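First comes the structure, then the notes that go with it.
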Amino acid sequence: MTRIAIVEGDGIGHEVIPVAQQALELLHPEYEYFPVEVGYGRWEQTGCPCADGDISELKTADAVLFGAVTTPPMKDYQSIVLRIRKALDLFANLRPVRGDGFDLMIVRENTEGLYSGIEEIGPDRATTLRVVTRKGTERIARAAIRCARQRQGKLTIGHKANVLKSDVFFRDICIEEAKKAGVTYNDKFIDALSLDILQHPGAYDVIVTTNIFGDILSDVSSYLVGGLGLVPSANIGDRYALFEPVHGSAPDIAGKNSANPVAALRSAAMLLAYLGDNEGSARLEAAITTVLSSGIRTRDIGGSAGTREFGDAIIRVLGKKG
Ligand code: NAD
Ligand code: IPM
Ligand code: MN
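In our numbering, the protein residues as written are 141 to 462.
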C-alpha cells in the first residue's frame, strides 16, 4: 500500500495542503494518507517542534507532502524543514518554473553549503561555515545532468567563483561532471544570472547551484510566473522524497482563505510523477491550467477566488475527467 505523509506545518500550510490532499485523494483513493504534525505551532503548544519519532514516521512514508513551517529568527530555534531535509538526506531540491516561452528547472543543493549548520554567535563575531564537499557536489551535479538529459540537455552552473573559493570548487566539479556526461554546459555568476533569468528566461534549461543561491534564485524566478503562490518543489534523496511549495507559511495572509493553492497542487503533481503515476500528474497539471484559464484565480494573481473555492474548482474539473 502506498503511504503518503501529510505535513500541513504552519500558517497557510493549513489551507493549501488540504486542497492538495483532496486532489490526491480523488486521484488515488487507494493510498493511505496519514498526518504528521510538526512546526512552530506544535512548539508553541508542546515546546517541541519536531520529535525524533516524527522523523521516523516520515521515513515510513513512500512520499511526504509538506506545507510550510514558520521559522522564527531566534538564536536557539532550528528550522524544522532543514532538519527534515538533512535527516532524510534529501540532497536535490528541484524547483521548476514554467511559463510562456520558458521552462526552467532550478536544481538546488539541499544539504550543505551555507546551510551546514556549523555556526556560532559570539559577543563580537558570528560565523557560519560554508561547506562544499566533493561528494555533495558530485551528487547534485549528477542529479542536474540526469534532469537536463530528460529535458533540453542544457546545464547552467550558477556560482560566485570570482569571490568564494568554495564556489571555485563547486563550479569545477560541476564542469568535470558535465564534460564526462557530454551535456552542453555554461556557467554564470549568480548575481548576473539572477537578472539574466528575468530578462532572458528562454535561454535556460537546468540551473544547478549551491544551497542558498538556489533558495534566492527560486524566489526571484517565481516573478516570471506570477509569484510564490505558483512554484512547487521536490526534495529528493536516494531513499526518501518530500514535496512542498517554494513559498513559506505566509503569516501575513494566513487564516484568510486567500492563499494560492497552486504551488501545493503542483507539488502534489510532482509527488505523483515521482511515484510513477505520470498520467495522474498530468491530469492534475491540466486541471490547474483549466481552472486558471477559466478565470478562477486567487488574489495574488489578480483574481478574487478564495483558497477553498479554487480547490473546489480543481475537484470539479478532476471529477469530470475521471
Ligand atoms: P513566504 O513565502 O511565506 O511569503 C512571502 C510573501 O509571499 C508574503 O507576502 C506572502 O503572503 C506571499 N505568499 C507566499 N505564498 C503565497 C501563496 N501561496 N499565495 C499567495 N501569496 C503567497 O515568505 P516569508 O514571509 O519570508 O516567510 C514566512 C515564514 O515562512 C518564515 O518563518 C519563513 O522562515 C518560513 N518559510 C518556510 C518555508 C518552508 O517551510 N518550506 C519556506 C519559506 C519560508
Ligand atoms: C525554502 C525556505 C527554507 C530554505 C527556509 C524556511 C529554511 O526558504 O524552502 O525555500 O531556506 O530552504
Ligand atoms: Mn526560500
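Heads up, the beta-carbon is just placed ideally off N, CA and C, and yes, glycines get one too. Quick caveat, the model's predicted, so the values are computed rather than measured.
- Sequence-distant partners of Ser389 (beyond 5 residues in either direction) whose C-beta falls short of 7 Å from its own C-beta, in its chain, are Gly149, Asp150, Gly151, Ile152, Gly153, Ala208, Val209, Thr210.
- In this structure, Val348 has its CB at a distance of at least 7 Å from all heavy atoms of the ligand MN.
- Where Lys215 is concerned, there is no enclosing alpha helix (DSSP H), because DSSP gives it neither an H nor an E.
- Note that the region 283-293 does not touch the region 257-272; fewer than 3 beta-carbon pairs, one per stretch, sit closer than 8 Å.
- Approximately 16 Å separates the beta-carbon atoms of Asp229 and Thr200; this is outside 8 Å, ruling out the contact.
- CA-CA distance, Val431 to Phe310, rounds to 42 Å.
- Around the beta carbon of Pro213, fewer than 16 other beta carbons sit within 10 angstroms, so the residue counts as exposed.
- By the criterion of a C-beta distance shorter than 8 Å, Ala343 is surrounded in its chain by Asp336, once the five residues flanking it on both sides are discounted.
- Unbroken beta strand (DSSP E) stretches of 3 residues or longer found wholly inside the region 274-331: 294-299, 324-329, given in chain order.
- When DSSP states are grouped into helix, strand and coil, Thr267 belongs to the strand group.
- For Val272, same chain residues with a beta-carbon under 7 Å away, outside a window of 5 residues either side, are Glu252, Gly253, Ser306, Phe309, Phe310, Thr350 in chain order.
- Here DSSP, grouped into helix, strand and coil, assigns Thr438 to strand.
- Counting only the Cα atoms, Glu449 lies some 11 Å from Arg456.
- Around the C-beta of Ile356, fewer than 16 other C-beta atoms lie within 10 Å, and the residue is accordingly described as exposed.
- Annotation for Ser373: the continuous beta strand (DSSP E) segment containing it runs 372-376.
- The beta carbon of Ala374 is closer than 7 Å to those of Leu234, Ala381, Phe383, Met410, Tyr414 in its chain, skipping five residues each way along the sequence.
- Restricting attention to Ser196, Glu316, Val402, the CA atom closest to the CA of Gly446 is found in Val402.
- DSSP lists Ile376 as the bridge partner or partners of Ala381.
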